[in-house]
Amino acid sequence: MTVNLLDFDLDGLAVFCQRLGEKRFRATQLFRWIHQRGASDFAQMSDLAKGLRDKLAGQAEIRGLTVLSQNLSCDGTIKWLFDVGDGNAVEAVFIPEDDRGTLCISSQAGCAVGCRFCSTGHQGFSRNLSSAEIVGQLWFAEHFLRRHLNRTDRVISNVVMMGMGEPLQNYDQLLPALRVMLDDHAYGLSRRRLTVSTSGVVPMMDRLAQDCPVALAVSLHAPQDALRDNLVPLNRKYPLAELLAACKRYLAHAPRDFITFEYCMLDGVNDQPEHAQQLIDLVNAHSDGKTWCKFNLIPFNPFAASGLLRSVPQRVAAFAKILSDAGIVTTVRKTRGDDIAAACGQLAGSVLDRTRVDERMAKQRTIVLKPVKEI
Ligand code: SF4
782 MTVNLLDFDL
792 DGLAVFCQRL
802 GEKRFRATQL
812 FRWIHQRGAS
822 DFAQMSDLAK
832 GLRDKLAGQA
842 EIRGLTVLSQ
852 NLSCDGTIKW
862 LFDVGDGNAV
872 EAVFIPEDDR
882 GTLCISSQAG
892 CAVGCRFCST
902 GHQGFSRNLS
912 SAEIVGQLWF
922 AEHFLRRHLN
932 RTDRVISNVV
942 MMGMGEPLQN
952 YDQLLPALRV
962 MLDDHAYGLS
972 RRRLTVSTSG
982 VVPMMDRLAQ
992 DCPVALAVSL
1002 HAPQDALRDN
1012 LVPLNRKYPL
1022 AELLAACKRY
1032 LAHAPRDFIT
1042 FEYCMLDGVN
1052 DQPEHAQQLI
1062 DLVNAHSDGK
1072 TWCKFNLIPF
1082 NPFAASGLLR
1092 SVPQRVAAFA
1102 KILSDAGIVT
1112 TVRKTRGDDI
1122 AAACGQLAGS
1132 VLDRTRVDER
1142 MAKQRTIVLK
1152 PVKEI
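Heads up: the sequence shown runs through residues 782 to 1156, numbered per the working numbering.
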């Protein structure tokens, strides 16, 4: 069976090349061909000896993902649906802005965490993606965009692991993929331009801090355990006190960084002034006088199965003001790509669920929505 070289970080590729009797610098050349130049054919690699190219052709391949569909939003956002076999498909989204190009990548086919406000969570879970399938989304998007835009320099400046899946529940495959993205011989992203988003897998946050302390975003969505248990079921295993302590430990390995708390604004559920005050208390309880976190308020993208509604803009603005007035850096995320279902929480792909997601979700739909007065 041939080996897919997209699965390897540079160290892994060096070990593979060593088995072929080749020195490390050959692995570096090969790595640069694959990731910097987007090559998929060994015959193209003109500075590799013919003997090595023949060996590689017999034992290895550079196998990207098959694109099932591509959608372009009126705001320039592009969403791709990639086939990952057996009826599963995952999505990645490119979001162009004036000063950056951000790619949102998936880490699993589906997700077992089952957050109530997330389309992926409602689809259940099929399987983890391999490192090649994670990196393959970036490999495809970067080189597609360069060709399409007729550019030779880097198009994607930021990567966020915020697509389908909980990245820290696929840690062994995630780590080599992150290393490829950071490697100067590949995409050369800086640590702060590569963000892993987690719903709070505490032990793996500690491992990521040790192994590869990239920027960390935490899906918070509630200021107290009873509410978060319902919205983000992983909270029952790792409640808020443990999660926030892990955030502080993480920062010890990523000095001068912030934790970004993602907070999806749900009408009448978590968007009241008392919730904002509880968040302030939570942040202050873990503060040592320095700013250590910021909040990103996300307008919810409603879908029928969630039983939830989007907070009105005035309420989002009022909530942001309460946090800001307390000295907490707070932004409201601009919705991008919602005309192609590419906005936050809308990624759905196609998942052959193995986890009886409908039963799990039915149990979660117990929260009573409070009537909300207009402000
Ligand atoms: S928000 Fe993230 S962790 Fe929660 S169900 Fe969706 S993909 Fe999974």
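Even for Gly, the Cβ is constructed at its ideal location relative to N, Cα and C.
Of the residues L884, C885, T901, I886, the one placed nearest C892, counting alpha carbons only: Walking along the sequence shown from the start, residue 892 turns up at place 111. Measuring from the Cα of C892, the nearest candidate turns out to be T901.
Where H924 falls, given that 16 or more other Cβ within 10 Å makes a residue buried: Looking up residue 924 in the sequence shown gives position 143. That one is buried.
Reference G1206, options W1073, D1010, D880, S887, closest by Cα: The question about residue 1206 has no answer here: the residues shown for the chain are numbered 782 through 1156.
C-alpha distance - F797 paired with Q825, whole-angstrom precision: Locating residue 797 in the sequence shown gives position 16, where the first residue counts as 1. Locating residue 825 in the sequence shown gives position 44, where the first residue counts as 1. If you take the alpha carbons of F797 and Q825, they lie about 20 Å apart.
Neighbour-count burial assignment, N1016, 16 or more Cβ in a 10 Å radius: The residue labelled residue 1016 in the question sits at position 235 within the sequence shown. Buried is the call here.
Within the region 831-883, ranges of the alpha helix (DSSP H) (whole runs, at least 4 residues): Fully contained in the region 831-883 are the following alpha helix (DSSP H) runs of length 4 or more, in chain order: 831-840.
Check whether V1132 and G905 have beta carbons under 8 Å apart: As a working note, residue 1132 is residue 351 in the sequence shown. As a working note, residue 905 is residue 124 in the sequence shown. Judged by their CB atoms, V1132 and G905 are nearer to each other than the 8 Å cut-off.
Beta strand (DSSP E) runs contained entirely in the region 1095-1137, provided each spans 3 or more residues: Runs of the beta strand (DSSP E) inside the region 1095-1137: 1110-1113.
Cβ-Cβ distance between E872 and W861 below 8 Å: Sequence index remark: in the sequence shown, residue 872 carries index 91 (1-based). Sequence index remark: in the sequence shown, residue 861 carries index 80 (1-based). For the pair E872 and W861, the CB atoms are nearer than the 8 Å cut-off.
Beta strand (DSSP E) segments (min. 3 residues) lying fully within the region 1047-1087: If one requires a minimum length of 3 residues, the beta strand (DSSP E) runs lying completely within the region 1047-1087 are 1074-1080, in chain order.
Ranges of the alpha helix (DSSP H) found wholly within the region 907-940, counting only runs of at least 4: Entirely contained in the region 907-940, the alpha helix (DSSP H) runs reaching 4 residues are, in chain order, 912-930.
Any residue whose CB is nearer than 5 Å to a heavy atom belonging to ligand 1, listed in chain order: The set of residues with any CB-heavy atom separation to ligand 1 below 5 Å comprises, in chain order, C892, V894, C896, C899, T901, G902, E947, S980.
Distance between P1004 and Q1058 (C-alpha atoms, nearest Å): Start at 1 with the first residue of the sequence shown, and residue 1058 comes out as number 277. Start at 1 with the first residue of the sequence shown, and residue 1004 comes out as number 223. Cα to Cα, Q1058 sits roughly 9 Å from P1004.
Residues sharing a beta bridge with F1042, DSSP: Translated into the one-based positions of the sequence shown, residue 1042 becomes position 261. DSSP output for F1042 lists V999, F1076 as bridge partner(s).
Anticipated Cβ contact below 8 Å, E1055 with S1000, distance rounded: Translated into the one-based positions of the sequence shown, residue 1055 becomes position 274. Translated into the one-based positions of the sequence shown, residue 1000 becomes position 219. Between S1000 and E1055 the Cβ distance is about 21 Å, and since that is not below 8 Å, they are no contact.
Alpha-carbon to alpha-carbon, C899 and L1047: Taking the first residue of the sequence shown as 1, we reach residue 1047 at position 266. Taking the first residue of the sequence shown as 1, we reach residue 899 at position 118. Cα-Cα distance, rounded: 12 Å.
Whole-Å CB distance - L1024 paired with G981, under 8 Å assumed: Walking along the sequence shown from the start, residue 1024 turns up at place 243. Walking along the sequence shown from the start, residue 981 turns up at place 200. Cβ-Cβ separation between L1024 and G981: approximately 4 Å, consistent with a contact (criterion under 8 Å).
Residue of A967, R897, H1002, E947 minimising C-alpha distance to G917: Within the sequence shown, the letter at position 136 stands for residue 917. Nearest C-alpha to G917: A967.
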